[in-house]
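Residue numbers (my numbering), protein chains in the order written: chain A, 4 to 508; chain B, 4 to 508.
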Ligand SMILES: CC(C)(COP(=O)(O)OP(=O)(O)OC[C@H]1O[C@@H](n2cnc3c(N)ncnc32)[C@H](O)[C@@H]1OP(=O)(O)O)[C@@H](O)C(=O)NCCC(=O)NCCS
Ligand SMILES: CC(C)(COP(=O)(O)OP(=O)(O)OC[C@H]1O[C@@H](n2cnc3c(N)ncnc32)[C@H](O)[C@@H]1OP(=O)(O)O)[C@@H](O)C(=O)NCCC(=O)NCCS
């Protein structure tokens, strides 16, 4: 038997990635593992991309619908995008080739709250799932699956798909075994019950994924690491954003609204979120918890130095050094981390109960606090909403962060009117740029606008925003959310036309 | 003792509305009962408005902050708005005088998800609550409060306020006693527990509101009915909207995605929602349930004829005839209705668990499914978001409905770009106008746009929308959510300038 496959029914189905890929047929809906660059299948998608390319070369049509947990990696989204092999992709993605194809209008992309994906699949909104391709870390002697570095929607894909291809990746740490908490108590309404999780530490499920071996058509052995795009080094801008956040948390503690243990932290994806994690280490906190989606290197460091005592997530996205550190100090980490299905890590019920502090990046905010997380200039998708809505709507605090400008100052992160809205004025409490922090809680739209202009706007844009707001306050049709409709999107339009949001002077 | 006040500590505090109003001082934050025109205080706000007017006449300043459950009535919002007595008002409102003052820019209005109000108050986001003015139906011999026709945020206001004024309204039906379910199990994070409610019928709380009598500074007796603005008679447009919804529900049943008992219905406010309730009676359903905010006359009828077997809500907004009907057939209704605090009626945890079918009105939707529920032309607030976001985000189905045009055809309810977003593309599944229904589930933005144009747009606007969309698909900066920024808001701008969204031909 193979080292990681301890059950004969699975070894009997061992084959090459090429043989396995042949199970995929044009038009199929294929659900794959993978969440923020972790735990995605490494071999079959590449083999499939070759089959697709060959079919296209021969003048045929070969496209599939791809469902995942969240973003994957070049070996999955990249190869399939370059092969023009996808009709539809959902949910969150971040691969440059895939992004380009979507924004060229060559394929369809559905951007969904991560907490909604599994239930919408069960509700039947995405039709039948023909095939699941799921990476696991091993198969036990009882024929159960040891999940890999991400759980994502794997439970749902394995249950719903007609057939299953497993990739068993022996490069994933053997220490992962036992670090998962797979909740099998979900149901369709009207049969749902409360989810009895009251702290990030609580175990409510099982350690292994169930699988009906009769559905398994192929098992493929792989030996490849998760591939993670490196973060930008923490620069002064992100450090200042982190500092504003830390001062704010201190203030909330002094006001008695937060204890020194804070509340479970959710930390988004991206460079800013990463810088904030690094900042937290400076904050002098001890014994915090995280109830979040992704454990990155930065989170490991916080666990190592005692800042964070326990972290619940759905994905373990570590760099090569992170994996080394994890394996070296395994005893420190093993009992301090749990990986859960994303329907649990992002569940509105639990996020509200725990009172998470939601820390997410954004593309832009308008002066009233409407936040665009997804569409640059209203039309070009960056990544997707991910779980930011799950946490922002339901958390105790919803914080959105961004540099005050992008593209070397040619774009303002604070605009008169958001060119796309992912988080409405009803869902945003705190906006932070390197310029400062605007606390929008308890304020009306006009009060919020003044705070955002004063505290968050870059000096290149502050007077322009103030001018817009002042004129809107006197000329707007209604004066609850004053706007000048003819100018509301003019900054974005100017960037489209001149490459700079600033007017020629 | 008074008929409705069976405890001496309260009779001792009996006084006139004028005497009670004198407890209100300028700058106070005053929390009042009231939800969609039911259960609001009838006497003290009017007396207070007179005090405020007198102070203003004398050259003084007198404004307060007013927190409620949702909309109230002319006797509260109207009189205080006309007296220019409010700095800030939250949340949902619908009074014409109040709306005018807000849109004239004379006062601040904060529009909040109804499920967020109580917890944000407890989190300390609105500061200290100086005084609560709450209508009740009576006071028991044990000194407990029998809630009135709405529960709203009363539990929170009574607990948080420094002082309390009670209005005991003897015109509210004595039969209300026992029809409330007041959950006292809420807590601040990290101490929250699951809310053990799994069907709309479940009782999880107590029948009476607790009150610390030492905080009660005044008790005022009143004898006045709730005042409800009548609905527009059901016209052909709303009937066609209701028919599209009914056909859709039938289709979902045939597809096996819904059972014949459907799932708990939430029905929004407004004329369209009312017409849909009337339509449901034609649908041939039996034994349905409602988990909603408001019980209107239409809902009573559905209970009477067996269409609805049980309804949970937070407010009982009946017309004079509705109250008569309720009192006449009290045995039919008493065990089929429960009124709960709005943090429970609108709780994300429960709405998702029950899988509610969310049916709400809207002002406009754009072709991609972004919905504006609140701001006409992006700036002039109509009512507020109410609970529509609580239900749309967390329900099993989120349906938004509107006539395809407003103001005699001069405004299109389907626009290129929503002028305000309350429900994002991630939160809307079904759009309905009298023209037809667009099922957006499982579709990308461009696929959604074509469905919305084909099925929902009015013929006066269909070709214009198609033209915008076609040109956007070829000229947009990004082609994920194609837009022409220079034209996106031009329809709204044209209406501002010419009074008609249609271009002069
Ligand atoms: C919004 C988001 C893209 C910001 O990412 P980030 O890495 O923190 O921030 P950065 O400032 O480094 O921006 C990332 C990119 O967006 C670009 N960008 C940021 N703001 C922009 C704007 N207003 N206009 C145009 N581009 C912008 C940056 O220039 C950068 O592009 P580059 O890689 O070509 O240089 C990211 O947070 C995101 O995808 N959020 C949505 C999902 C989410 O919140 N998930 C959390 C829970 S899963
Ligand atoms: C959006 C909403 C105002 C629609 O109300 P409705 O009574 O169902 O629909 P109507 O078509 O009768 O419209 C009501 C008013 O809005 C106006 N209106 C509707 N669409 C409009 C538009 N696109 N532009 C301008 N005015 C518009 C109508 O003309 C009408 O005004 P009038 O009273 O001056 O004639 C109402 O549903 C609402 O307030 N929703 C938000 C809160 C909510 O959803 N609550 C439910 C859970 S609490």
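Backbone N, C-alpha and C fix where the C-beta goes; we use that ideal spot for every residue, glycine too.
For clarity, every value in this text was computed on a predicted model and none was experimentally measured.
Item                                                                                                                                                                 : Value
Helix, strand or coil: how does DSSP classify residue 29/A here?                                                                                                     : coil
Go ahead and pull the three-state DSSP assignment for residue 92/B.                                                                                                  : strand
Of the residues that make up the stretch 396-419 of chain A, which ones have a beta carbon closer than 7 Å to any beta carbon in chain B?                            : 396, 397, 399
On a Cα-Cα basis, can you pick out the residue from 32/B, 367/B, 308/B that is closest to residue 71/B?                                                              : 32/B
Going by the beta-carbon positions, is the gap between residue 300/B and residue 282/B smaller than 8 Å?                                                             : no
Return the first residue and the last residue of the beta strand (DSSP E) that residue 424/B is part of.                                                             : Per DSSP, residue 424/B belongs to no beta strand (DSSP E) and is neither H nor E.
Please list, in chain order, the chain A residues whose beta carbon lies closer than 9 Å to that of residue 379/B.                                                   : 480, 481
Measuring only between beta-carbons, confirm whether residue 495/A sits less than 8 Å from chain B.                                                                  : yes
Does ligand 3 have a heavy atom nearer than 7 Å to the CB of residue 35/A?                                                                                           : Ligand 3 is absent from the structure shown, which contains only ligand 1 and ligand 2.
Just mark residue 442/A as buried or exposed, buried being the case when its beta carbon has 16 or more other beta carbons within 10 Å.                              : buried
Show which residues of chain A have a CB atom less than 9 Å away from the CB atom of residue 331/B.                                                                  : Result: empty, since nearest Cβ-Cβ is about 32 Å, beyond 9 Å.
Would you call the stretch 383-398 of chain A in contact with the stretch 328-338 of chain A, where contact means no fewer than 3 C-beta pairs closer than 8 Å?      : no
Identify whether residue 52/A lies in helix, strand or coil by the three-state DSSP scheme.                                                                          : helix
Taking 8 Å as the CB-CB limit, is residue 368/A close to chain B?                                                                                                    : no
Which stretch, first to last residue, makes up the alpha helix (DSSP H) that contains residue 439/B?                                                                 : No alpha helix (DSSP H) holds residue 439/B; the beta strand (DSSP E) holding it covers 439-442.
Could you tell me whether any non-hydrogen atom of ligand 1 is closer than 7 Å to the CB of residue 390/A?                                                           : yes
Looking at residue 134/A and residue 212/A, is the spacing between their C-beta atoms short of 8 Å?                                                                  : no
Could you pull the start and end residues of the alpha helix (DSSP H) that residue 467/A belongs to?                                                                 : 462-478
When the Cβ atoms of the stretch 263-279 of chain B are set against those of the stretch 174-182 of chain B, are three or more pairs found closer than 8 Å?          : no
In angstroms, rounded to a whole number, what distance separates the CA positions of residue 499/A and residue 486/B?                                                : 12 Å
Short of 8 Å in beta carbon distance, which residues of its chain neighbour residue 250/A, apart from the five on each side in sequence? Order them along the chain. : 440
Let me know the secondary structure DSSP gives residue 175/A once reduced to three states.                                                                           : coil
Secondary structure at residue 401/B, three-state DSSP: helix, strand or coil?                                                                                       : strand
What in chain A is Cβ-close to residue 425/B, meaning under 8 Å?                                                                                                     : 427, 429
Which residues, in order along the stretch 118-129 of chain B, keep a beta-carbon less than 7 Å from a beta-carbon of chain A?                                       : 126, 127, 128, 129
What are the partner residues of residue 378/B, as DSSP defines its beta bridges?                                                                                    : 384/B
Sort out for me which residues DSSP pairs residue 138/A with in a bridge.                                                                                            : 170/A
Against chain C, does residue 196/A count as a neighbour if the rule is that its beta carbon must be under 8 Å from one of theirs?                                   : In summary, chain C is missing from the structure at hand, where the protein chains are A and B.
Under 8 Å, do residue 37/A and residue 118/A count as touching if we go by C-beta distance?                                                                          : no
Between the C-alpha atoms of residue 470/A and residue 452/A, what's the straight-line distance to the nearest angstrom?                                             : 12 Å
If contacts are defined as beta-carbon pairs under 8 Å, then residue 136/B and residue 44/B qualify, I think. What distance do you get, rounded to the angstrom?     : 5 Å
Indicate whether at least one CB of chain A lies closer than 8 Å to the CB of residue 202/B.                                                                         : yes
Relative to the alpha-carbon of residue 193/A, which residue among 184/B, 327/B, 342/B, 359/B has its alpha-carbon at the smallest distance?                         : 359/B
At a cut of 8 Å, does the stretch 122-132 of chain B reach the stretch 162-170 of chain B through at least three beta carbon pairs?                                  : yes
Can you list the residues of chain B that residue 91/A reaches, using a CB-CB cut of under 7 Å?                                                                      : 447
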